[in-house]
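What follows is a short report on a single structure.
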Amino acid sequence: LEITEECAVKSELLFEILKQMPNISSLILKKKITSSFYTNHELCELLNKKIKMFDYRNPASANYFKIQDLDWFCKTFSNVEELHCDIDNVDDVLLILTKCSKLSIIKIKCVSESTFTWLKINARTCNVYINYELKYDESEID
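Here my numbering is used: the sequence shown runs in plain steps of one and ends on residue 470.
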């Protein structure tokens, strides 16, 4: 299931879509997670149960989606096996790796040079396959 920027999907509608589609296991979300997602406990439970591949990256090269509530994110997506995301600091990487124990693949668009450098040094020591690249060249951004 792919939800683009143009889609105005409320958490209740996403819940109904997921409920009606028993075989769905992938979610590509190309828009910011709104606060209604955080407070819809039924949706969170269903996402946790069904979604095995989650792609939460901003398609625009100069922008990124900051995961606002990382604890909620890790709890809701703790059963994800493959994650694609934008990350701006090493602590977020470490928390995701710790809390999402079923993760086997993570594809990271690094927002900061320091995160990219840390991954270059440490990615091989993790028990997860980590594919990482810079989201954009910081020298290009004002």
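Each residue gets a CB set at the ideal place from its N, CA and C atoms; glycine is no exception.
The stretch 409-429 makes no contact with the stretch 369-378, as fewer than three CB pairs between them are under 8 Å. Leaving aside the five residues that flank TYR366 on each side, the residues in its chain whose CB is nearer than 7 Å to its CB run, in chain order, ASP397 and TRP400.
Bounds of the beta strand (DSSP E) holding LEU355 are 354-357. Contact check for TYR384 against ASP416 fails: the beta carbons are separated by 8 Å or more. The straight-line gap separating the alpha-carbon atoms of ILE433 and ASN459 is approximately 8 Å.
Around GLU370, the same chain offers PHE343 as residues with beta carbons nearer than 7 Å, after the five sequence neighbours per side are excluded.
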